[in-house]
Amino acid sequence: MRFPKIAAATSVVLLAAACGGGGSDSDGGGSADSLTVWVMGTSQPPLVEYFEGAEARFQENNPDVEVNVEFIPWPDAQESITNALAGGDAPDVIEIGNDQVSGWASQGALLDITEQVGGWDAAAEMDQNALEYGTYDGVQYGVPWFSGVRTLYYRADWLQDLGHEPPTTWDELLTVAEDIEAEYDVPGFAAPTDFTNGIASFIWSNGGEIATQNAEGEWEGHLTDPATVEAVEFYADLTNDGISPQSYVGENELVPLADMANSQVGMYIDGSWALTSMEEQAEDPAVLENIVAAPIPGADGIAPAFAGGSALSVFSTTQYPELAFELLTVLGDQEGGQGYADAAGFFPAYPELLAGDEYQKDPARVASATQMQHTQFFPSTPRWTAADQDSKILPGAVLEIVNGGDPEEVLAAANEQLTTILNEPVE
Amino acid sequence: MAHTVERAADRGKEGTVRVTADSAPKRRRKPPTPYLLIAPALILLAVVLLWPIVQMVWYSLTSFTTRNLLPNQPGPEWNNFAHYQRLLTDPEFWTILRNTVVVCVLMVGITMVLGTLIGILLHKLPKWFSTIVSVGMMLAWATPALSASLVFRWLFLPERGLVNVTLDRLPDWLVGSGWLEYNWFLQPGSLFTILITVIVWQSFPFVAVSVLAGLKSIPNELYEAAKMDGASAWKSFWNVTFPMLRPLFALLLVLQIIWDLRVFTQLYILANSFQNKDVYLLSYYIYQQGFSASPANYGMGSAIAVVMTLMILAVTAYYLRIMIRQGETR
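For the protein sequence lines, the chains are A and B, in the order given.
Going left to right, the first sequence walks through residues 1 to 427 as the UniProt record's numbering numbers them.
Going left to right, the second sequence walks through residues 1 to 330 as the UniProt record's numbering numbers them.
Here you go:
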């Protein structure tokens with residue numbers, strides 16, 4: 001727990017059929033026998049199959065280069081990258097959370113790929129906002145690989161019995177949650193406090209903001225704006241008023257996930273990838289058929305969700321930058337991007353693909369596909385990770401308010417801290 | 001005691017005689033064998049103990065982050081005590097330091113008192129019974145910190161923890177109401193109470209068994225004599241047991257302080273990662289800054305570690321002073 005090792009990360013080595021022969025000398029940095037890709041998450045059969053396919057495609061042009069894939073669990077990502085930076089065992093291509101690209105770029109972990117991306121046709125077809133989000137200081141460090149949004153999960157059978165439609169506004173959310181609690185004696189809605197993504201949705205849906213950059217490039221926190229205060233208060237009051245139980249205070253969305261899988265909560269917010277974990281945690285898998293997703297209810301209408309997702313980057317210590325970028329294009333073009341998104345339960349980063357029936361008509365995907373059209377990004381600065389992951393400003397503020405703190409005072413202090421951290425020079 | 005002092009004095013006299021009788025140059029020619037023999041051990045110690053400390057102090061004076069780890073980047077740069085300036089002027093740091101001291105004092109105090117009492121109890125129990133109790137205690141001692149903290153976290157979970165459910169079922173006039181919903185892990189007061197409980201639960205067996213071993217070495221005649229003089233149990237503890245076991249108590253005290261200052265795992269589990277700054281302790285703060293922060297701030301982490309090292313060195317120095325005074329180092 002204390003020092004999770006990279007060695008502990010699940011690693012799967014894909015075998016290459018090719019043997020013997022010389023390597024390709026195309027990038028002038030000596031010949032490569034193999035390239036390593038780091039993917040976040042755990043190894044699952046469909047993903048392994050995907051990477052076998054990707055390797056085969058890559059080997060059409062580079063028959064002698066193996067592709068090794070290592071799966072790094074999300075919570076270990078930071079330490080693994082730090083260790084890789086320190087000089088050992090670095091990958092050539094890496095998947096990185098899209099809100100962390102600028103952070104690692106500022107630390108020198110990622111390679112400048114502005115030129116290569118400029119000459120890559122597929123880049124023009126990508127979601128341009130997401131592509132822009134992969135830059136730092138005007139330099140391209142990552143290209144969007146897939147996207148995923150959080151949606152509201154609810155118990156369809158319960159709502160049907162109660163005669164409710166899935167809630168679309170805050171008021172409806174309260175009504176449905178109260179009715180679930182009255183009828184089934186389990187909490188109606190889960191509002192875990194360590195959940196920046198969820199809290200942000202509530203803020204954005206009320207017309208609030210977290211922070212914006214002014215004309216001089218200075219960041220300004222907006223946590224004291226009335227709309228933001230109102231939204232945070234609403235979120236904290238879900239716990240204070242007993243809609244969401246105390247046991248979710250100080251927790252992230254993984255605890256309600258387990259409860260959802262075991263009929264212990266009526267509604268909660270999570271991403272499409274959560275269903276896989278629910279399958280593992282459900283004592284009675286039949287329950288899962290009744291867990292359905294809907295767009296996140298906002299103050300009035302659909303709330304924007306964080307445009308989550310991952311980017312593909314080339315690690316700065318790679319010996320074969322050109323070959324690594326070539327591998328990146330195989331993974332990240334329309335074919336590779338859609339293949340991975342399908343295998344892992346995400347959405348491709350190409351709007352053109354998203355518009356297809358496959359995503360718009362599939363009942364399992366329609367909620368996310370709708371939600372994808374209502375998204376927003378966190379402040380695009382390397383300091384955002386420091387403010388969120390490290391200082392936990394929003395989760396900390398909600399925690400304090402739930403603890404009895406005065407919302408105005410708590411948010412004023414949090415806003416000051418947020419502004420300071422976002423404006424600190426990048427060390 | 002008197003015996004030791006006498007012998008030391010004798011030796012001193014002999015030494016003086018020899019120095020005056022033999023000539024000084026002869027002494028200089030003495031072969032350096034003892035130093036050569038001890039050299040490998042000293043060098044090894046310097047490498048594994050001193051060098052990391054030197055590095056830590058150096059890092060704490062630089063702006064060292066993950067970026068500086070890269071082979072093609074410049075090394076960390078001197079930053080003019082910026083980390084220390086920031087720490088000393090940061091009220092948050094002073095709160096964490098104060099909490100660390102208070103929590104550590106409570107942990108050590110309760111562990112020592114409880115451990116001593118149980119040690120005495122074990123000494124009085126019949127052998128078979130004291131064996132059973134010792135084995136039970138050693139199981140608590142041997143439980144991995146991670147498992148122990150998880151068990152305590154489950155015990156105190158709101159809505160489903162055994163403690164909350166039990167308190168909720170007890171009559172309201174006795175314990176008040178609303179326990180089922182009560183979250184112990186949010187406020188420093190209640191969280192530190194659980195933390196202290198876990199630590200004490202895990203560390204008192206060591207003290208108890210050590211005290212038991214110490215008690216067995218005290219001749220029974222002393223207690224008989226005390227009894228003859230009409231001393232109560234309380235008096236015979238303070239006038240016989242405590243003075244006899246003083247070096248043992250000093251050693252246990254110092255060890256406990258050092259261990260409890262470094263508490264990390266238990267807090268990590270109970271506080272559920274790093275979101276609640278109110279419940280940070282120094283060791284926790286070091287890890288948060290040095291490893292969990294993004295980017296990891298090795299300079300700041302080292303600076304806090306230097307503060308903690310100084311605290312531990314101060315405790316150790318005090319202990320050494322007592323030991324030297326008592327002649328225990330010979």
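Glycine residues also receive a C-beta, built at the ideal position from the N, C-alpha and C atoms.
Proximity of chain A to Leu157(B) at the Cβ level (cut-off 8 Å) is accounted for by Ser247, in chain order. Annotation: the stretch 48-122 of chain B contains no complete segment of the beta strand (DSSP E) (minimum length 3 residues). One thing to note: Gln73(B) has its Cβ no nearer than 7 Å to the Cβ of Ala148(B). Just so you know, the alpha carbons of Ser34(A) and Val67(A) end up roughly 6 Å apart. One Cα belongs to Pro187(A), the other to Leu320(B), and the distance between them is close to 58 Å. When 8 Å is used as the limit between beta carbons, Arg262(B) is near no residue of chain A, the shortest such separation being about 12 Å. Minimum Cα-Cα distance from Val306(B) among the listed residues Ser60(B), Trp51(B) and Tyr35(B) corresponds to Ser60(B). Put simply, the stretch 112-129 of chain A does not touch the stretch 78-93 of chain A. Fewer than three CB pairs are less than 8 Å apart.
If you check the CB distance, Thr370(A) and Ala305(A) do not come in under 7 Å.
Residue nearest to Val279(B) within the set Ala82(B), Asn164(B), Ile304(B) and Gly189(B) is Gly189(B) (criterion: CA-CA distance). Taking one beta carbon from each stretch, the stretch 237-252 of chain A and the stretch 412-419 of chain A have fewer than 3 pairs nearer than 8 Å; the two do not touch. Spatial neighbours of Ser294(B) in its own chain (CB-CB distance under 6 Å, excluding positions within 5 residues in sequence) are not present.
When rounded, the separation of the alpha-carbon atoms in Ser210(B) and Trp259(B) is 16 Å. With contact defined as three or more Cβ pairs closer than 8 Å, the stretch 333-344 of chain A and the stretch 171-187 of chain A are not in contact. Counting only the Cα atoms, Pro321(A) lies some 18 Å from Thr135(A). Going by C-alpha positions, Arg169(B) is about 34 Å away from Met112(B). The C-alpha of Arg160(B) lies about 17 Å from the C-alpha of Tyr184(A). As summarised for the stretch 85-142 of chain A, the continuous beta strand (DSSP E) elements at least 3 residues long and confined to that stretch are 93-97, given in chain order.
Taking 9 Å as the cut-off between beta carbons, the residues of the stretch 392-412 of chain A near chain B are Lys392, Pro395, Gly396, Leu399, Glu400, Val402 and Asn403, in sequence order. Put simply, the CB of Asp194(A) is near chain B, with a gap under 7 Å to one of its CB atoms. By DSSP's assignment, Ser313(A) forms a beta bridge with Ile94(A).
Secondary structure at Thr329(A): helix, using DSSP grouped into helix, strand and coil. Ser316 and Thr317: these are the residues of the stretch 302-334 of chain A whose beta carbon lies less than 8 Å from some beta carbon of chain B, given in chain order.
The three-state reading of DSSP puts Ala231(B) in coil, since its state is none of H, G, I, E or B.
Within the same chain, no residue comes within 8 Å of Gln85(B) by CB-CB distance, once the 5 residues on both sides are set aside. Fewer than three Cβ pairs drawn from the stretch 349-363 of chain A and the stretch 192-199 of chain A lie within less than 8 Å of each other, which leaves the two stretches out of contact. DSSP places Ile322(B) in the helix class (H, G or I) of the three-state scheme. For Tyr268(A), the enclosing beta strand (DSSP E) stretches over residues Met267 to Gly271.
Chain-ordered, the chain B residues with CB closer than 9 Å to the CB of Glu251(A) read Asn272. Here DSSP, grouped into helix, strand and coil, assigns Asn239(B) to helix.
If you keep only unbroken alpha helix (DSSP H) runs of at least 4 residues inside the stretch 141-212 of chain A, you get 156-162, 170-184 and 196-205.
Take the alpha-carbon of Trp38(A) and the one of Gly97(A): they are about 12 Å apart.
Not flagged as an interface residue toward chain B: Ala90(A), since no C-beta distance is shorter than 7 Å. Just measuring C-alpha positions, the residue of Val135(B), Lys30(B), Gly290(B) and Val198(B) sitting nearest Gln266(B) is Val198(B). Its chain contains Val315, Thr316 and Tyr319 as the residues whose beta carbon lies nearer than 7 Å to that of Val254(B), once the 5 sequence neighbours on both sides are disregarded; these appear in chain order. Here Arg150(A) is buried, its C-beta having at least 16 other C-beta atoms within 10 Å.
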